[in-house]
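Q: Numbering (this note's numbering), first residue to last: 239 to 790. Below you'll find the structure I mean.
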Ligand SMILES: Cc1cc2nc3c(=O)[nH]c(=O)nc-3n(C[C@H](O)[C@H](O)[C@H](O)COP(=O)(O)O)c2cc1C
Ligand code: SF4
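This is how it looks when you write it as structure tokens:
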């Protein structure tokens, strides 16, 4: 495939679409599908046929505003409809060329204002199962350019210059990692895409895979060329059946168009990808556990070094990157490293996709430039806190992260700023809490998650998370003493510094960050047997105990 051939596909695709006066894009991501958007699409198709209107009804991936689903985007007017039901199809089709359907309009301009879509640029605009629609929006240009006009070293230099850092949590510089794998000899090498995404509240990677799978495949193929790999794996959890189905279709389509297989784009480069389905264990997102799982072994981490870049899958040098990291690669090569490095902050370049959930008006998927403040995200794009309640904290980084209080709402989101605030970027979950959330209970929730998901290989994590969970439960129940709190703090230190992998090392973070900002809530539970948010059972237990004492 050459650039000219890509242009031909793009032109015939455009000519096909130009035949229509209108496009009705229906979100068929998991969120909207759970609200029966497939039925909305069928009803719209039927109405279009009946009305004789010259409109094309298309399935797309996620449009972002998941809470308002099913969503329909009408082009060329860019009218956004929310909560669309089958019964609305007639009005939507009748409105084409006239007045929009006022009752369905989302009027959520703020939600999109301030967002910067790079990873999500095609989400909601293309049919994820049609490779030509991806090609029609500059898809595979970057791969063709890399293979025909750049050396592997030049590709790595561009990625390094862009400043892209891994989006899977750690923020490791992507170009540096690619360079290490490239230098690791000339034998068999592998590329793995980490689509495990086990953090509670996170659904960024799932949405990207469901909405624009070819973008991730293109990123992996460019990576394979750069590091000298011939085989790749997608590792996706079994709870993501729609993503797996769309990936399966997309891999077939990419082979059909000659972007996977041998002699790709007429060169000697050969690369193909298989899908491996994970069983949904959080620890299997850790790179060495993931590799063990692909090898058919129990998904448990092993000590590093050696790092996968040197000795990974079946002992071969292996590049492992997150879904969103790969999704950034093609635009960087297409538009240039300088363009990408011009977005974001000094040490956190580009954009970040976040899954905005919890006590927030606009729940959904957003992509913002690094450096945007938490206030802009939560109160601007997110629309603030519902029901007139008061913001209390935002949890970022999942079970490895922490809770950031109101006083830090003006913090600019970047890898370093979040760590300095006692949290971390993680993979992009952002859970907003209002004054009805008890911060001790929140810490207990995440500790229970880590305890349950601990693989049990090393004692500090296996025993430590269980002990910390027990102590947090005691505090929530109003049965803890100051000595229990001291023990909890000591355990945080031990587990953080002596666990084998990131799960154990970061499990204390939600406790440490809530202790840092909300220690008064811990003390209220301990000293006064009172839960200020009214969530924990300690008040009821305390009054019951007082009752018993009076009776006795
Ligand atoms: C317990 C644990 C779970 C993880 N889960 C994921 C995950 O679901 N997805 C992911 O990309 N990285 C996850 N990571 C990070 C990976 O080990 C690895 O650093 C990442 O896939 C590298 O890709 P990146 O450089 O593109 O971020 C996890 C790490 C730990 C310790
Ligand atoms: S830290 Fe926890 S999850 Fe990681 S290896 Fe040890 S027991 Fe397993």
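By construction, the Cβ of each residue, glycine as well, lies at the ideal position given by its N, Cα and C atoms.
Would the segment 551 to 565 count as touching the segment 412 to 419 if we require 3 or more Cβ pairs under 8 Å?
A: Taking one beta carbon from each stretch, the segment 551 to 565 and the segment 412 to 419 have 3 or more pairs nearer than 8 Å; the two touch.
Q: Tell me whether residue 286 sits in a helix, a strand or coil according to DSSP, three-state version.
A: helix
Q: Taking 8 Å as the cut-off, does the CB of residue 265 come closer than this to any heavy atom belonging to ligand 2?
A: no
Q: Is the beta carbon of residue 677 closer than 9 Å to that of residue 631?
A: yes
Q: If the criterion is Cβ atoms closer than 9 Å, does the pair residue 275 and residue 309 meet it?
A: yes
Q: Less than 8 Å between the CB of residue 407 and some heavy atom of ligand 1, yes or no?
A: yes
Q: Assuming residue 357 contacts residue 589 (C-beta within less than 8 Å), just tell me the rounded distance between them.
A: So it is a contact: roughly 7 Å between Cβ atoms.
Q: Measure the C-alpha to C-alpha separation of residue 542 and residue 596 and round it to an integer number of angstroms.
A: 35 Å
Q: Report, in whole angstroms, the separation of the C-beta atoms of residue 715 and residue 641, which I expect to be a contact under 8 Å.
A: Residue 715 to residue 641, Cβ: 21 Å. No contact.
Q: Give me, in chain order, the residues of the same chain whose beta-carbon lies closer than 6 Å to that of residue 746; leave out the 5 immediate sequence neighbours on both sides.
A: 730, 733, 734
Q: For the putative contact between residue 334 and residue 260, defined by C-beta atoms under 8 Å, what is the C-beta separation to the nearest angstrom?
A: 5 Å
Q: If we require 4 or more residues per run, which alpha helix (DSSP H) segments fall completely within the segment 530 to 613?
A: Those alpha helix (DSSP H) runs which fall completely within the segment 530 to 613 and span 4+ residues are 561 to 573, 575 to 579.
Q: Excluding five sequence neighbours on each side, which residues of the same chain lie with their C-beta closer than 8 Å to the C-beta of residue 498?
A: 455, 459, 489, 492, 509, 510, 511
Q: Cα separation between residue 790 and residue 769?
A: Summary for residue 790: the model assigns pLDDT 48, below 50, so the residue's position carries little reliability; its value from the coordinates is reported in the next sentence. If I take the Cα positions, the gap works out to 26 Å.
Q: Expressed to the nearest angstrom, what Euclidean distance is found between the alpha-carbon atoms of residue 518 and residue 337?
A: Distance between the alpha carbons of residue 518 and residue 337: 47 Å.
Q: Report whether the distance from the Cβ of residue 573 to the nearest heavy atom of ligand 2 is below 8 Å.
A: no
Q: Going by the beta-carbon positions, is the gap between residue 255 and residue 374 smaller than 9 Å?
A: yes
Q: Please state whether the Cβ-Cβ distance between residue 382 and residue 244 is less than 9 Å.
A: yes
Q: Which of the three DSSP states, helix, strand or coil, is assigned to residue 387?
A: helix
Q: Determine, using beta carbons only, whether residue 623 and residue 561 come nearer to each other than 9 Å.
A: no
Q: Here's the rule: buried if 16 or more other CB atoms are within 10 angstroms of the residue's CB, otherwise exposed. What is residue 351?
A: exposed
Q: Thinking just about the alpha-carbon of each residue, which of 457, 666, 564, 266 is nearest to the one in residue 439?
A: 666
Q: Give the single residue among 585, 681, 680, 598 whose Cα lies nearest to the Cα of residue 650.
A: 585
Q: Starting from residue 184, follow the alpha helix (DSSP H) in both directions and report where the run begins and ends.
A: Only positions 239 to 790 of the chain appear in the structure, and residue 184 is not among them; the question remains open.
Q: Near residue 579, which residues of its chain fall below 7 Å by C-beta distance, leaving aside the five closest residues on each side in sequence?
A: 399, 400, 401, 587
Q: Can you tell me whether residue 430 is buried or exposed? The criterion is at least 16 other CB atoms within 10 Å of its CB, across all chains shown.
A: buried
Q: Is residue 566 closer than 9 Å to residue 444 when the C-beta atoms are compared?
A: Residue 566 is positioned such that its CB atom lies no closer than 9 Å to that of residue 444.
Q: Should residue 740 be counted as a contact of ligand 1 given a C-beta to heavy atom distance under 8 Å?
A: Answer for residue 740: yes, Cβ within range of ligand 1.
Q: Could you tell me the distance, in whole angstroms, from the CA atom of residue 423 to the CA atom of residue 728?
A: 45 Å
Q: Starting from residue 668 and walking both ways along the beta strand (DSSP E), at which residues does that stretch end?
A: 667 to 672
Q: What are the partner residues of residue 265, as DSSP defines its beta bridges?
A: 298
Q: Is any heavy atom in ligand 2 found nearer than 8 Å to the beta carbon of residue 446?
A: False, no ligand heavy atom lies under 8 Å from that Cβ.
Q: Taking 8 Å as the cut-off, is the beta-carbon of residue 746 closer than that to any non-hydrogen atom of ligand 1?
A: Because no heavy atom of ligand 1 lies under 8 Å away, the Cβ of residue 746 does not count as near it: no.
Q: In or out: residue 523 buried (at least 16 other Cβ within 10 Å) or exposed?
A: buried
Q: What are the boundary residues of the alpha helix (DSSP H) that residue 457 is part of?
A: 451 to 465
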